Amino acid sequence: MYSVKRTVFLLLWTVSQLVTVSAFDGRCPYQCQKQYSVRESYHVKCGWWGWRRCKRYRVAYKYQMDTCYRCCRGWNGTVETGCEDINECDSGNAECDHICHNTPGSYSCDCRKGYYLQPDGKQCRDINECIIANGGCEHVCTNVHGNVVCSCRKGYVLNKDKKTCADVNECDDGKGGCLHICINTKGSYICECQSGYFLETDKRTCKDINECQLAHGGCQHICENTVGSFNCKCRPGYSLLENGSCLDVNECNDNNGNCSQICENIPGTKTCRCLSGYHLMPDMTSCKDINECEVNNGGCTHNCVNTDGSFSCACRPGYQLHADGSQCKDTDECLHNNGNCMQTCTNIPGSYTCTCRTGYALTEDGHTCADKDECSERNGGCEHMCTNKDGSYSCSCRQGYATMADGKSCTDVNECAFKNGGCSHNCFNVLGSYKCSCRPGFYLQEDKKTCSDTNECLISNGGCDHICHNTMGGVVCSCREGFSLTDDERSCVDNNECQDEDIPCSHNCINTLGSYKCSCNHGYVLKADKYSCEDENECTSNNGNCSHTCVNKEGSYTCTCYAGFVLKYDQRTCTDENECEKHLDRCDQLCINTIGSYVCGCELGYILLPDSRTCKRKNTCASGNGGCDHNCVYENGTSYCLCRSGYVLQRDGKTCLDLDECRLSNGMCSDICINFEGSYHCQCKRGYFLQHDKLTCQDDNECMIGNGGCQHLCVNEPGSFHCECRPGYSLLNNGKLCQDVNECEKNKAGCSQLCQNTLGSYVCGCQLGYSLQPDGHTCIDNNECQVDNGGCQHGCQNLPGGFACFCYSGFTAKPEGKLCEDINECKTSNGGCSQICQNTEGSFYCSCKPGYHLSFDRKTCEDINECWLTQHCDQICENTKGHFYCSCRSGYKLLDDGRSCADINECEHQNGGCSQLCHNLIGTHFCSCQNGYHLQTDMKTCEDVNECLMNNGGCSQLCYNQPGSFVCSCVHGFQLSKDSASCEDVDECKVNNGGCNKMCRNTYGSYSCNCPSKHQLGIDESTCWPYWCMIDRNLTDCMPCNHGEYQPDPGADNQFYQCTNGLMYLLMCPPGTIWDQRVWKCGDIMKIELEMLNGTEPVNMTLVNVDDLCVDNFTGECVICLPDKYYEYTGDPRKFYQCVHDNLVLRECPDGTIWNKDISTCIHEVLPAPAQFRPVSLTEMCFYPNMTKCYQCEPGFYEDDDSCRRFYTCANGGLVSMSCPDGTRWNQTQTRCDNGVMC
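Numbering (mature numbering (1 follows the signal peptide of the UniProt record, and there is no 0)), first residue to last: -23 to -1, 1 to 1216.
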């Protein structure tokens, strides 16, 4: 079977042929039968017994073939109304790949630029422009659909004309990766190095040349390589000359070589000597005078003062020198100006002391007396303020307190007892002050005493839904028109006008907030009066959505279709009737359905006759391409074959063979011509490339790309190239890489001693002890003794290629052979010294240990009685053999110098035992405490003062004691004021409307989201939804309610909503009953209210699955919850359930609190439970600081039998009294302060 698609193509081709030869009006003839009538005679038997034949006449209908006309294929319409050409390009019936051109009764195809049309006249194939002149590209041509893309070889970039290529200067981009110098070349680049560097094998990196490795860089002493160069240096004691040699420096010419007396220069250094009467110190530069005072203290009683060449005697403070110049006697300081003492002066041997009268204390200068500040110790015993006086002190109290009879204690003054403290309404006395407050509906003015009326209407509209009227101490609410005030005298509910009998709506009445509106049944529309309804002509709007014809009816309409179409199941859309499937056609072979009609077609090998139904065979080209290899052409009833370009037709008139273009003038190619099937192309020999004409070959300069792969130089040649190397290099066998020529292999390159090959060159060097001459090849011997004395400490003797060191008389050479060391005379019998023998350069001397002095023989040591000499010790001196030691009186300590005495600062050792502040005094110390602490009876330990125990620390809500201080805090819903003590309400509604999507109402310490009438608050307690909506579990949408569902009316107990067909309708309970949402029924008012009051469930309560209504993790099922009741949540101590609109809502307590199911509130969790505790009675408890005896308690918390707010904690073995914040009480079981329970 032939495909329908192929048959359709034949049909279209046949019709197009007819159109070209038939009339221009689009009509095509076909053979048809026409009916006509004739009068004809016939015979019948007649007469008696039928022996006669009688002639009769009748009208007969006959048919004859005739020529009829109809619209040709490619035309639309009828012969009677006229035929109109079908634009196949617009109707989508054309099969062109690219461009479609409409023609009368048919169409033709064309291709976009860069494509050519295939023999089928429809498909387009891409033209490979790169075959012709390389597509205009200078380097590389890449064919793409409908165009070409030019690109360049490596090292080139495409110009703006997108055809030609320009060289890329790689040196412009980061020097092409070269470390030093980048030189651009055609299509590539090369790197070079600066002086002092050589190029690494990666041809980019430069590495420093170490000149010091070659003949020591020409330096005599030290060669130091640097990046790109090198430096010569000399050893210490020498200076550098311009030729790199080193010259000895005469150190004695500069500041006498730092010698204190005599300087003697030697090669590379110097030596110091002393004048007679001095000896050289260990630093080998300084000379020290011989101290005569070291021998018998120079004969002085106290102190001996040495001078250059002499000495003198002096006395310790408090003594004066006798006339003999060596003895000392005591001086009475009190005889002169009372020893500068302010009050009493007492002389002692060698010194004196100052003292003060009772009531005064000696100051740090040891002379002045100052009044003693009694207030500095324990505040003078004053409870509040202590004022020091000259020789005495007095106590006073802070404002709001009065002094008691003992003159030290203070008692609170009750200001409210006198004229109510000046307060307009309420006066509350507090410690040291008082506070005023106002009755509800009033607020306290800035004077903190006067009360003024609060305009509640300014805050959340006074809680009124609509209109708020302020009154003295309160508000009065009213509603807008169309609303009524509820029993709470705050909320407004909508009046349902649709319940009135006189509503003029002809069909339906819909209640709205504050009003109502009328609506009509389906198929009707509301008139201009907004009350009456009339029939809606649906056909006037979008033809009633009918495909063809719309017929309006009362309250409805119907759709009908044109001839040749049938109505679909939606009764709106018309679809074509397929005559071919229902066999309504008269086609000879094939039937093809069209929109509203049909056409006939023929099988392969047949064509359709003019009657548009009968088929006959077609021309030979239509079968097997007429036997042609390529193209078959049918013209005027005959056919012939043609070949495609690049082929020639053979003698048989059918076969096509390839045309070898290369046999004709080499195909115009300048070099190589390669023939291939249907075409040919030109190629070039190696070393040449094809030019843009795709015919001519040009020499390819290989050196332009990557330097031809040459390491050094690339030389281009016709059709080829070769590589060369720079001087000092030779070419390898691969003809591209260069290797260094080792010049040293041939006669050491003329070097007299050493030859070192380098990249591209070489350098000469010398052996150790020789230096290279300016000719760069000859080596001569170095006289090492001329430079730094050859490193010899004493004498140096030059030798060929080396040298030798020798020592002066009295010295011996060290093993390394250059340094000399002195002969140590002290190693033999200690040099004859009785104690210490000190060796020196070329000599030695004797000395004594501390506490001894050298006798006149300069060898023997004798003990020194230090206590006879100057006053070495501040207080007590005791001489020992070769030494002495000092000690101090009680209350002092000996300093590190072993002589001076200083007061013992007890505060420096463990802070004097003080827990906080320690104050040192001469001979004693005392402890004190920081602010917020008080001193205990041991006069050392400081204990925190719990400010929260007194007047709650001044905090209006929560007080938290801290070490040495306290902080005020507020409960949830409040924030701390600027005074850091008072708490003020947080208006949550000011920030993002409190999260409410409708109305936010701020309350004292909290807030709530409110909804307008006929709305309900969602599970999130922030979103308001209409009551006709069913709120889904995810709170993401307001969905139509479920049919048969009920919802209560928040405005009236006797009304409820019923869901019917997805909409909520307001209904009313019978008189004497109210709506019970728990069972979705109206019931007795008293019975339902009693059940709600007692918290009991109705007998016919319904158990609902958890997933349908509530979240419950403790029973698996739950009943409909009671309004405003709370239920425990076991998963988290901070969470609980609240019943809101018959749904369990999961809530969470504020930070720092947990849920208490017994009292249904959040309580503070302020203290953790102790590991263990021991209950104690009040007789065991003691209170600081008035306690005299306290039992040792165990760590934990203890309750107070007399107060529900007080409790005790164990600190340092003692019980400390603490108090819970106002509004809370101590819970000994949980060891914490609980909220919500008053004492």
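Cβ coordinates follow ideal geometry from the N, Cα and C atoms, glycine included. What you are looking at is a predicted structure, and each value in this text was computed from that prediction instead of being measured.
C-beta neighbour in chain D for residue i, strict 8 Å
i: Cys947; result: No chain D is present in this structure, which holds just one protein chain.
Distance between residue j and residue i (C-alpha atoms, nearest Å)
i: Cys363; j: Lys385; result: 9 Å
i: Lys210; j: Asp676; result: 60 Å
i: Asn596; j: Gly603; result: 9 Å
i: Asn816; j: Glu269; result: 21 Å
i: His902; j: Ser414; result: 51 Å
i: Cys782; j: Gly727; result: 35 Å
i: Gly753; j: Gly205; result: 20 Å
i: Asn273; j: Phe833; result: 10 Å
i: Arg47; j: Gln8; result: 11 Å
i: Leu690; j: Arg703; result: 7 Å
i: Ser824; j: Asp873; result: 26 Å
i: residue 1224; j: Lys366; result: No information on residue 1224 is available, as it lies outside the stretch -23 to 1216 that the chain covers here.
i: Phe861; j: Leu871; result: 14 Å
i: Asp144; j: Leu135; result: 9 Å
i: His607; j: Gly154; result: 60 Å
beta-carbon residue i near the ligand GDP non-hydrogen atom, thresh 7 Å
i: Cys865; result: The model depicted lacks the ligand GDP and carries no ligand whatsoever.
Range of the contiguous alpha helix (DSSP H) that encloses residue i
i: Ser68; result: Glu65 to Ser68
Extent of the continuous beta strand (DSSP E) to which residue i belongs
i: Ala879; result: Cys878 to Asp880
i: Cys715; result: Cys715 to Asp717
i: Asn124; result: Asn124 to Ser128
i: Ile109; result: Premise fails: Ile109 is in no beta strand (DSSP E) and is neither H nor E.
i: Phe833; result: It is not in any beta strand (DSSP E) - Phe833 carries neither H nor E in the DSSP assignment.
i: Thr1208; result: That residue, Thr1208, is in no beta strand (DSSP E); it is neither H nor E in DSSP.
i: Tyr822; result: Ser820 to Ser824
i: Tyr337; result: Tyr337 to Leu339
i: Arg102; result: Cys101 to Asp103
i: Val407; result: Asn403 to Val407
i: Ile682; result: No beta strand (DSSP E) contains Ile682, which DSSP labels as neither H nor E.
i: Pro1025; result: Tyr1023 to Pro1025
Proximal residues to residue i (C-beta, below 7 Å), its chain only, five neighbours per side dropped
i: Ile682; result: Arg130, Lys131, Gly132, Gly164 and Ser165
i: Gln1205; result: Glu1176
i: Asn719; result: Asn734
i: Leu224; result: Tyr215, Ser216 and Leu218
i: Cys236; result: Cys249 and Thr262
i: Ala958; result: Gly931, Cys932, Ser933 and Cys945
i: Tyr829; result: Gln812, Cys838, Glu839, Asp840, Ile841 and Gly859
Distance between beta carbons of residue j and residue i, contact taken as under 8 Å
i: Val749; j: Gly221; result: Note on identity: in this sequence residue 749 is Leu, with Val being the wrong assignment. About 11 Å separates the two Cβ atoms, so there is no contact after all.
i: Cys45; j: Pro6; result: 7 Å
i: Asp553; j: Ile572; result: 5 Å
i: Asn283; j: Asp266; result: 7 Å
i: Gly113; j: Ile104; result: Actually they are not in contact, since the Cβ atoms of Gly113 and Ile104 sit about 13 Å apart, beyond 8 Å.
i: Ile115; j: Lys140; result: Reading off the sequence shown, one finds Glu at residue 115, where the question assumed Ile. Contact flag correct, Cβ pair sits at about 6 Å.
Beta-bridge pairing of residue i - partner residues as DSSP gives them
i: Cys211; result: In the DSSP output, where bridge partners are listed per residue, Cys211 has none listed.
i: Phe1184; result: Glu1176 and Met1195
i: Glu61; result: Asn53
i: Val117; result: Ser128
i: Lys477; result: The identity of residue 477 in the sequence shown is Asp, whereas the question assumes Lys. Paired residues: none, contrary to the question.
Cβ shell of residue i (< 6 Å), same chain only, five flanking positions each side left out
i: His484; result: Cys497, Asn498 and Cys510
i: Cys661; result: Asp648, Leu667 and Cys674
i: Asn208; result: Glu201
i: Glu679; result: Gly685 and Phe698
i: Ser1196; result: Leu926, Arg1182 and Arg1183
i: Ser468; result: Asp442
i: Ser999; result: Gly972, Cys973 and Cys986
i: residue 1222; result: The chain is shown from -23 up to 1216; residue 1222 falls before or after that span and cannot be answered.
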